[in-house]
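**Q**
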Amino acid sequence: MTGDGSGFSMTIVPHAFGGMSALYLNLCLRANSLGVKSKRSPSMPPFLQFVIRRFLVIPISLLVITMLLYGGVMLTPPEARATLYMPDNMPPRLTDKQYKQIEEKIIRSYHLRDPYPIQYFFWVRSLFEGTWGYSPSLNEYVLPSLLRRTPATLELAFYSLSVLIPLGLVSGVTAGWRRSGTFDRGFRLLAFLSTSTPPFILAIILLSIFYINLNWFAPGRIDMGYRFEISDGAFVSFTGMLTIDSLLNGRPDILGSAVRHLVMPVFTLSIYHWATLGRVTRVSILGEEKKEYVIAAKARGIVERKVVWKHVFRNTLTPSLTSMTLSATSIVTGVFVAEIIFDIKGISGVIVRSMSGIPDAPAALGFAVYSVIMVLLLMFFLDVAQAILDPRVREGVLKT
Amino acid sequence: MSRTRAFFSHWQNWLSVILILGFFFVAIAAPFLSPHNPKNPGPFMRVGNAFEASPVPPDEKAFLGQLPFGIDVFHALVWGSRDALQFGLIVTITTSLFGILYGSVSGLAGGRLGGLLLRIADSFLAFPPIAGVVFIQQLFITTIFALGGFYHASSGEVFSFTDTSVSGTLIQSLLERVNPLMLSLILFSWMPYARLVHSIVLTLKQTEFVQASRALGGTFFWIIRKHLLRNSTGPALVLAARDVGGVVLLQATFTFINIGGDSVWGTMLAQGRNWILGPGGNLLTYWWAFLPPTLAVMSFGIAWNLFGDSLNDMLVPAFRYTFRARKSRKEEVQPSPEAESAPPVLTSAAPAVVSSQVRKAVSSDGADPVLGMARAGVSRGDLARALYAYEHLIRHNRSIEDVLLDLARLVKKFPRDPQVWRTLGDALACAGDAEHAAQSYDQARKLM
Numbered sequence: 003m004t005g006d007g008s009g010f011s012m013t014i015v016p017h018a019f020g021g022m023s024a025l026y027l028n029l030c031l032r033a034n035s036l037g038v039k040s041k042r043s044p045s046m047p048p049f050l051q052f053v054i055r056r057f058l059v060i061p062i063s064l065l066v067i068t069m070l071l072y073g074g075v076m077l078t079p080p081e082a083r084a085t086l087y088m089p090d091n092m093p094p095r096l097t098d099k100q101y102k103q104i105e106e107k108i109i110r111s112y113h114l115r116d117p118y119p120i121q122y123f124f125w126v127r128s129l130f131e132g133t134w135g136y137s138p139s140l141n142e143y144v145l146p147s148l149l150r151r152t153p154a155t156l157e158l159a160f161y162s163l164s165v166l167i168p169l170g171l172v173s174g175v176t177a178g179w180r181r182s183g184t185f186d187r188g189f190r191l192l193a194f195l196s197t198s199t200p201p202f203i204l205a206i207i208l209l210s211i212f213y214i215n216l217n218w219f220a221p222g223r224i225d226m227g228y229r230f231e232i233s234d235g236a237f238v239s240f241t242g243m244l245t246i247d248s249l250l251n252g253r254p255d256i257l258g259s260a261v262r263h264l265v266m267p268v269f270t271l272s273i274y275h276w277a278t279l280g281r282v283t284r285v286s287i288l289g290e291e292k293k294e295y296v297i298a299a300k301a302r303g304i305v306e307r308k309v310v311w312k313h314v315f316r317n318t319l320t321p322s323l324t325s326m327t328l329s330a331t332s333i334v335t336g337v338f339v340a341e342i343i344f345d346i347k348g349i350s351g352v353i354v355r356s357m358s359g360i361p362d363a364p365a366a367l368g369f370a371v372y373s374v375i376m377v378l379l380l381m382f383f384l385d386v387a388q389a390i391l392d393p394r395v396r397e398g399v400l401k402t
Numbered sequence: 234m235s236r237t238r239a240f241f242s243h244w245q246n247w248l249s250v251i252l253i254l255g256f257f258f259v260a261i262a263a264p265f266l267s268p269h270n271p272k273n274p275g276p277f278m279r280v281g282n283a284f285e286a287s288p289v290p291p292d293e294k295a296f297l298g299q300l301p302f303g304i305d306v307f308h309a310l311v312w313g314s315r316d317a318l319q320f321g322l323i324v325t326i327t328t329s330l331f332g333i334l335y336g337s338v339s340g341l342a343g344g345r346l347g348g349l350l351l352r353i354a355d356s357f358l359a360f361p362p363i364a365g366v367v368f369i370q371q372l373f374i375t376t377i378f379a380l381g382g383f384y385h386a387s388s389g390e391v392f393s394f395t396d397t398s399v400s401g402t403l404i405q406s407l408l409e410r411v412n413p414l415m416l417s418l419i420l421f422s423w424m425p426y427a428r429l430v431h432s433i434v435l436t437l438k439q440t441e442f443v444q445a446s447r448a449l450g451g452t453f454f455w456i457i458r459k460h461l462l463r464n465s466t467g468p469a470l471v472l473a474a475r476d477v478g479g480v481v482l483l484q485a486t487f488t489f490i491n492i493g494g495d496s497v498w499g500t501m502l503a504q505g506r507n508w509i510l511g512p513g514g515n516l517l518t519y520w521w522a523f524l525p526p527t528l529a530v531m532s533f534g535i536a537w538n539l540f541g542d543s544l545n546d547m548l549v550p551a552f553r554y555t556f557r558a559r560k561s562r563k564e565e566v567q568p569s570p571e572a573e574s575a576p577p578v579l580t581s582a583a584p585a586v587v588s589s590q591v592r593k594a595v596s597s598d599g600a601d602p603v604l605g606m607a608r609a610g611v612s613r614g615d616l617a618r619a620l621y622a623y624e625h626l627i628r629h630n631r632s633i634e635d636v637l638l639d640l641a642r643l644v645k646k647f648p649r650d651p652q653v654w655r656t657l658g659d660a661l662a663c664a665g666d667a668e669h670a671a672q673s674y675d676q677a678r679k680l681m
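Chains A and B supply the protein sequences, listed in that same order.
Just so you know, we're using our numbering here: the first sequence kicks off at 3 and counts up by one.
Just so you know, we're using our numbering here: the second sequence kicks off at 234 and counts up by one.
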């Protein structure tokens, strides 16, 4: 058999994958049960801990993704990478030689022939300079262009989410609680129809009926007549979101027009994700009525409505909102698609023009980074909403 | 057998299977259903007047009508289904294979490494596919420009090089073959599989059959291949079936909004769009420009969605059932005398997971199979594995009396081995004898 030292090393072999940590954890737990108290983290409210932990995820994810994105950029030749840093004041006519000189200068100053980490560092540093490169198809710097377009996108996303989340949760709970009832059957049919209708086809149908024929709603952001008034000095732009700005300016007619233009994209966007959210909620509530806490609550004479909405609903919230968080990218993609179809001048406008074959790396890269930030923030807000609504997450009992 | 019967007892399952088989049939038989015109091959065949800007209604030349510029609807529809199936299956198979492998590795690695791997996968979850498509397409375009070429998104030929030194090289053939949309969908849709398999593996890792295989020296890849992959394919298959439809819908969407991709059905809708919305006013005035591709896209999505649902009903509850059943059976079966002939805990467990290796080892000894493995380890002189098996028993609080007796004997045999002392301490602590446990831990510490 073995001596002292090698006996130890032999035991490690079967644990090679994670067994060690499990063993360690086990020992700690046992030590705890034997009366040895382990150190607890300093007293910070669990909710705050949760929020901070979730917020810290954002820079980490951003780091991973930007590293990956720049890894993709690294596949192109250095001359292509130089377009990321082209200045905006290029002379209109350039000979090949002059262009090559500018290119060479950029390649040297941004170390574009050096190894990956150095290039990555210089690229990240250039992100903090606040221009994100000059886009030839937009004729301006990318970041200001993105920022200017953000309110329109935020407006659309905000209204869609505030329609679809409550609707999805309420209909899912109602359908799941009375399984196979009339409401449940109707819900399932509607959810099935809306998940199998691609948003762009729904958009065609809506546009054809409500815009071309009835002219109730319209694509775009605002009626033609108001467009000049808005760009006029009299209309102060506080947030860039027309529905809010019009109220702050005391112009209900502009509000009406903005709402008229928002109805179709919000409907298209929310109907698809409403169905997904509703289905997840419905599944997670099935079988809940046989659980002991429900029976106990009923036995004490609590009204059924209260049992459902105060007890059962909160228990099923976590899986529903988690599924929402996981599909945040598809929501953001949906927002961009709806913008393009309904001609809303949002963030997606940055990429539309470059898609016809103009080489425009700054716009594409800037759009990618910006939309990742949007998704991460959306995930963060959904997580916080979940923590506020779910007492288990709030008190730190349930680690998600 | 009964599973198959249950599968066909719902009309939804019938519908999904019939639709999918129909799409496969059309895709395979496309050259017979609508042969290519050798003069203009490709899904968009010109049958009518190339200068006719409005859609021509069905006639003897094209029995489903023509799109603007004399393009045959039926031909595009038929070849579009081949394109859709190809695209959907390639993307889904690649992503699911990669995701499953990634998830099982990260789940099995566990601890810090597993956490890091999951963190990376989660970061990918924050990347919207639309940004991926645009980004990868731009990488292509800028590379082509830097190499001195031109990019034509609209014409059939995607790009051309003025500089002849580039043509025929590896770069050109790569740029020609790889579809940016497909690449970006593959790169950014494997994470759900990885997450799913990761969580399944974490659960499976705690089960007896994996622990037993590990205690017997099953290697990392053996366990992945033999145990983890077989048990996680069910749920992953469900996800994959739904993904085939989803991926094709996404492709059509991106084509429709002109962001990239070359979905045939999407292109048909994009070409007919102005005639659906514009002068017709009525959605169905030019029905042949709108209905056929719409119905094709929708029924494709519905078919795979329903197929995923039916696979879910068929595979996933069965999976859950074996888990729950095994847990409850464990208690009642263990002390029973039948345990001697065959280890029921292992053989009655999840399907097709007990390797013959395990079965051979455990059938030789008494009541608890893991105890048998531990004793086998001792008699073979493999102390490390024996101790690992004992640790397992202690952790699950099983046959603790036997374990204590065995360990006491082992301590006499190897009085200078700290690991044995520590394990004895664990066993004592588990049995509730805190005082002696502390003494054994002390002894172990001194020897280390």
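Yeah, the Cβ is synthetic: ideal placement off N, Cα and C, and Gly gets one too.
Measuring only the C-alpha atoms, how far is residue 114(A) from residue 500(B)?
**A** When rounded, the distance between both Cα atoms is 39 Å.
**Q** With three or more C-beta pairs closer than 8 Å as the rule, is the stretch 93–102 of chain A touching the stretch 131–145 of chain A?
**A** Touching, no, given that fewer than three Cβ pairs across the two stretches are closer than 8 Å.
**Q** Could one say the Cβ of residue 376(B) lies closer than 8 Å to chain A's Cβ atoms, at least one of them?
**A** Yes, contact with chain A.
**Q** Please report the straight-line C-alpha distance between residue 251(B) and residue 245(A), rounded to a whole angstrom.
**A** Computed Cα separation, rounded: 49 Å.
**Q** Distance cutoff 8 Å, beta carbons only. Does residue 388(A) sit that close to anything in chain B?
**A** No - not a single Cβ of chain B is within 8 Å of the one on residue 388(A).
**Q** For residue 109(A), write down the residues that DSSP places opposite it in a beta bridge.
**A** Beta-bridge pairing links residue 109(A) to no other residue.
**Q** Rounded to whole angstroms, what's the CA-CA distance from residue 138(A) to residue 74(A)? Just pull it up for me.
**A** Each residue's Cα considered, the two are about 21 Å apart.
**Q** Confirm, please, whether the CB-CB distance from residue 429(B) to residue 469(B) is below 8 Å.
**A** A contact, by the Cβ cut-off of 8 Å.
**Q** Between the stretch 477–490 of chain B and chain A, which residues of the former have a C-beta closer than 7 Å to a C-beta of the latter?
**A** Those would be 482, 485, 486, 489 and 490, in chain order.
**Q** Return the CA-CA distance between residue 267(A) and residue 345(A), expressed in angstroms with no decimal places.
**A** Their Cα atoms are separated by approximately 10 Å.
**Q** Note the first and the last residue of the continuous alpha helix (DSSP H) segment covering residue 504(B).
**A** That run of the alpha helix (DSSP H) goes 497–510.
**Q** Could you please give the first and the last residue of the uninterrupted alpha helix (DSSP H) stretch that includes residue 265(B)?
**A** From DSSP, the alpha helix (DSSP H) with residue 265(B) extends over 263–266.
**Q** Just the Cα atoms here: how many angstroms apart are residue 278(B) and residue 374(B)?
**A** Distance between the alpha carbons of residue 278(B) and residue 374(B) is about 28 Å.
**Q** Between residue 23(A) and chain B, is any beta-carbon pair separated by less than 8 Å?
**A** Only weak support exists for where residue 23(A) lies, its pLDDT of 41 falling under 50; the coordinates are left without a value.
**Q** Please check if any C-beta of chain A sits within less than 8 Å of the C-beta of residue 522(B).
**A** No - not a single Cβ of chain A is within 8 Å of the one on residue 522(B).
**Q** State yes or no: is the C-beta of residue 279(A) within less than 8 Å of the C-beta of residue 326(A)?
**A** In this structure, residue 326(A) lies closer than 8 Å to residue 279(A) by Cβ.
**Q** Just by C-beta distance, which residues in the stretch 210–244 of chain A are closer than 9 Å to chain B?
**A** Listed by position, the residues of the stretch 210–244 of chain A near chain B (Cβ gap below 9 Å) are 210, 211, 213, 214 and 215.
**Q** What does residue 352(B) touch in chain A if you count any residue whose Cβ is under 9 Å from its own?
**A** Correct list: 59, 62, 63 and 66.
**Q** Specify whether the stretch 171–190 of chain A and the stretch 292–303 of chain A touch according to this definition: at least 3 beta carbon pairs, one from each stretch, less than 8 Å apart.
**A** The stretch 171–190 of chain A, when compared against the stretch 292–303 of chain A, does not touch it at the 8 Å Cβ threshold.
**Q** Report the three-state DSSP secondary structure of residue 279(B) (helix, strand or coil).
**A** Three-state DSSP puts residue 279(B) in a strand.
**Q** Starting from residue 226(A), trace the alpha helix (DSSP H) in both directions and tell me its first and last residue.
**A** Note, residue 226(A): alpha helix (DSSP H), 226–233.
**Q** Looking at the structure shown, is residue 429(B) part of a helix, part of a strand, or coil, going by DSSP?
**A** Residue 429(B) falls in the helix class under three-state DSSP.
**Q** If the criterion is Cβ atoms closer than 8 Å, does the pair residue 307(B) and residue 317(B) meet it?
**A** In this structure, residue 317(B) does not lie closer than 8 Å to residue 307(B) by Cβ.
**Q** Relative to chain A, which residues along the stretch 355–370 of chain B have a C-beta separation below 8 Å, given in chain order?
**A** Flagged, chain order: 355, 356, 357, 358, 359, 360, 361, 362, 363, 364, 365, 367, 368, 369 and 370.
**Q** Assuming the contact rule is C-beta atoms closer than 8 Å, residue 364(A) and residue 135(A) should be a hit. Round their C-beta distance to whole Å, please.
**A** Contact flag correct, Cβ pair sits at about 3 Å.
**Q** Are residue 170(A) and residue 276(A) close, meaning C-beta to C-beta below 8 Å?
**A** Yes, these two residues count as a Cβ contact at 8 Å.
**Q** Which chain A residues are close to residue 531(B), counting only those with a beta carbon under 9 Å from its beta carbon?
**A** Ordered by position in chain A, the residues that pass the 9 Å Cβ test against residue 531(B) are 198, 199, 200 and 203.
**Q** Can you give me the Cβ contacts of residue 350(B) inside the same chain, cut-off strictly under 6 Å, excluding the 5 residues immediately before and after it?
**A** Counting only Cβ-Cβ distances below 6 Å, and skipping sequence neighbours, we find 339.
**Q** Between which two residues does the alpha helix (DSSP H) containing residue 646(B) stretch?
**A** Residue 646(B) -> alpha helix (DSSP H) spans 633–646.
**Q** Identify the contact partners of residue 538(B) in chain A, using a Cβ-Cβ distance below 9 Å as the criterion.
**A** Per Cβ cutoff of 9 Å: 194, 197 and 198.
**Q** Taking the alpha-carbon of residue 150(A) as reference, which of 314(A), 315(A), 242(A) and 83(A) has the nearest alpha-carbon?
**A** Here the closest residue by C-alpha is 242(A).
**Q** So, is the C-beta of residue 397(A) closer than 8 Å to a C-beta in chain B?
**A** False, the Cβ-Cβ gap to chain B never drops below 8 Å.
**Q** Suppose contacts are defined by Cβ-Cβ distances below 8 Å. Is residue 276(B) in contact with residue 309(B) by that definition?
**A** Yes, they are a contact pair.
**Q** Does residue 369(B) pass the burial test, meaning 16 or more other C-beta atoms within 10 Å, or should it be called exposed?
**A** It is buried - the Cβ of residue 369(B) has at least 16 other Cβ atoms within 10 Å.
**Q** I need the boundaries of the alpha helix (DSSP H) containing residue 441(B), first residue and last residue.
**A** Note, residue 441(B): alpha helix (DSSP H), 441–448.
**Q** How should residue 412(B) be labelled, buried or exposed, when 16 other C-beta atoms within 10 angstroms of its C-beta is the threshold for buried?
**A** Flag for residue 412(B) reads buried.
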